[in-house]
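One structure is given below, encoded as structure tokens.
In the numbering used here, the protein residues as written are 1 to 244.
Next up, the structure:
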């Protein structure tokens with residue numbers, strides 16, 4: 001299961017944290033019985049003067065709950081990102097003060113990155129955490145003004161499809177990009193005069209943080225629940241694919 005991710009914050013906002021990622025093998029489901037499935041909705045985009053929304057939880061029967069991603073915060077007040085499956089990135093405010101990302105849930109995700117604000121130069125949010133890596137801090141040198149990149153998601157069963165990537169941090173600075181969304185559906189952060197990018201649907205990634213005032217954060221992507229088994233089709237409901 002991967003839950004939906006959190007939304008990115010407005011104005012140099014932190015990227016949304018990815019939804020929690022959990023997996024299990026060898027579980028038993030009895031034929032002729034029903035199993036409850038919940039797919040979490042994506043966190044809302046950070047509006048003007050606001051943080052992004054927290055993502056919804058996903059679950060499959062009694063196998064556990066993947067916790068929704070934490071929200072990315074924004075720059076007007078400056079505060080830590082929200083906690084969740086993975087934590088959202090911090091939003092920058094006071095010059096010279098960094099704000100941390102939110103914490104992730106053990107075994108499901110990682111923390112978001114720190115924001116950065118240097119007066120008269122740049123204001124940028126931290127990246128949202130992903131399943132396989134924490135969100136990056138907004139860099140203080142080398143690429144001044146760049147938002148922090150979102151953390152990488154998980155490569156499910158090593159099949160090459162990634163889920164639960166964090167959103168990139170946004171920034172208020174001309175000529176430099178926002179943070180890249182983490183592999184696994186995370187949205188890119190917005191740059192100057194640019195909103196954060198939405199996360200990919202059904203990947204459980206976080207939305208990107210917004211650029212300068214007047215531009216919103218990106219929405220988090222919805223989650224996904226996958227039940228995989230060998231042999232001919234026996235379960236019904238949802239989307240069914242087969243191989244071999």
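The beta-carbon is built from N, C-alpha and C at its ideal position, and this holds for glycine as well.
For clarity, every value in this text was computed on a predicted model and none was experimentally measured.
For residue 233, the number of other beta carbons within 10 angstroms of its own is below 16, and it is reported as exposed. If you compare the alpha carbons of 117, 212, 87, 54 with that of residue 152, the shortest gap goes to 87. Between residue 65 and residue 54, the alpha-carbon positions lie close to 15 Å from each other.
With the rule of 3 Cβ pairs closer than 8 Å, the region 110-119 does not count as touching the region 27-34. By the CB criterion at 9 Å, residue 209 and residue 69 fall outside the cutoff.
Cα atoms of residue 211 and residue 190: separation of roughly 5 Å, rounded to the nearest angstrom. By the CB criterion at 9 Å, residue 17 and residue 91 fall outside the cutoff.
The residues 12, 13, 125, 147, 178, 189, 190, 196, 209, 210, 211, in chain order, have a CB closer than 6 Å to that of residue 170 in the same chain once the five nearest residues on each side in sequence are set aside.
DSSP, read as helix, strand or coil, puts residue 116 in strand.
Under the criterion of beta carbons closer than 8 Å, residue 46 and residue 52 qualify as touching, at roughly 4 Å.
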